[in-house]
């Protein structure tokens, strides 16, 4: 079976809409992760269209199933998750009442829950909410509610 572009990207054999490989995206420094807005939809694909990046890929149910069955794509997804976790551990600018990274975290949680499973999504949720608590809980309640809903806690 032929891989779809999203699956090929996650498996390390394809490129995103800007021609970047997953390895290239994973090598972004923190400033580039903060500034570039068109990679997150490839690293954490959803079945809903992105309002922030028109034309970003939309995951079909068949693609999601293929990714779940593809060890290389799942490992690519885990590598993207590890990179974003490192970004959120090493930076503080997202620990604010309103920040575009709150939407990114909702996307990450939703994609991880759908493609890797509840346990990995819950782990990232615990990490993000602990960072928020450790910073004095600056993140707005609506963003926190979206995160909770993404992991089935609402």
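Residue numbers (the working numbering): 57 to 210. Backbone N, C-alpha and C define an ideal beta-carbon position, used for all residues, glycine too.
Exercise. What residues in its chain sit with their C-beta under 6 Å from that of residue 206, if we drop five residues either side in the sequence?
Worked result: Within the chain shown, numbered from 1, the residue matching residue 206 stands at position 150. Only residues of its own chain outside the window of five on either side were considered, and among them 162, 165 and 166 have a CB closer than 6 Å to the CB of residue 206, listed in chain order.
Exercise. From this set, 104, 113 and 103, which residue's C-alpha is nearest residue 95's C-alpha?
Worked result: Here residue 95 refers to the residue found at position 39 when the chain shown is read from its first residue. Selected option, being the one with the closest Cα: 113.
For this session: Would you mind reading off the limits of the alpha helix (DSSP H) that contains residue 93?
Result: Against the chain shown, residue 93 aligns to sequence position 37. Run containing residue 93: none; DSSP gives neither H nor E here.
Exercise. How many angstroms separate the CA atom of residue 111 from the CA atom of residue 74?
Worked result: What you label residue 111 is simply residue 55 of the chain shown in a count that begins at 1. What you label residue 74 is simply residue 18 of the chain shown in a count that begins at 1. Their Cα atoms are separated by approximately 12 Å.
Exercise. How should residue 81 be labelled, buried or exposed, when 16 other C-beta atoms within 10 angstroms of its C-beta is the threshold for buried?
Worked result: Numbered from its first residue, the chain shown carries residue 81 at position 25. Residue 81 should be labelled buried.
For this session: Please go through the same chain and pick out, in chain order, the residues whose beta-carbon is closer than 7 Å to the beta-carbon of residue 63, but skip the five residues on each side of it.
Result: Counted from its first residue, the chain shown places residue 63 at position 7. Taking residue 63 as the centre and dropping the five residues before and after it, the same chain places the C-beta of 119, 122, 123, 126 and 129 closer than 7 Å to its C-beta, in chain order.
For this session: Identify whether residue 194 lies in helix, strand or coil by the three-state DSSP scheme.
Result: For this step, residue 194 is matched to residue 138 along the chain shown. Note: residue 194 maps to coil in three-state DSSP.
Problem set entry | Neighbour-count burial assignment, residue 60, 16 or more Cβ in a 10 Å radius | Locating residue 60 in the chain shown gives position 4, where the first residue counts as 1. The residue is buried, with at least 16 neighbouring Cβ atoms inside 10 Å.
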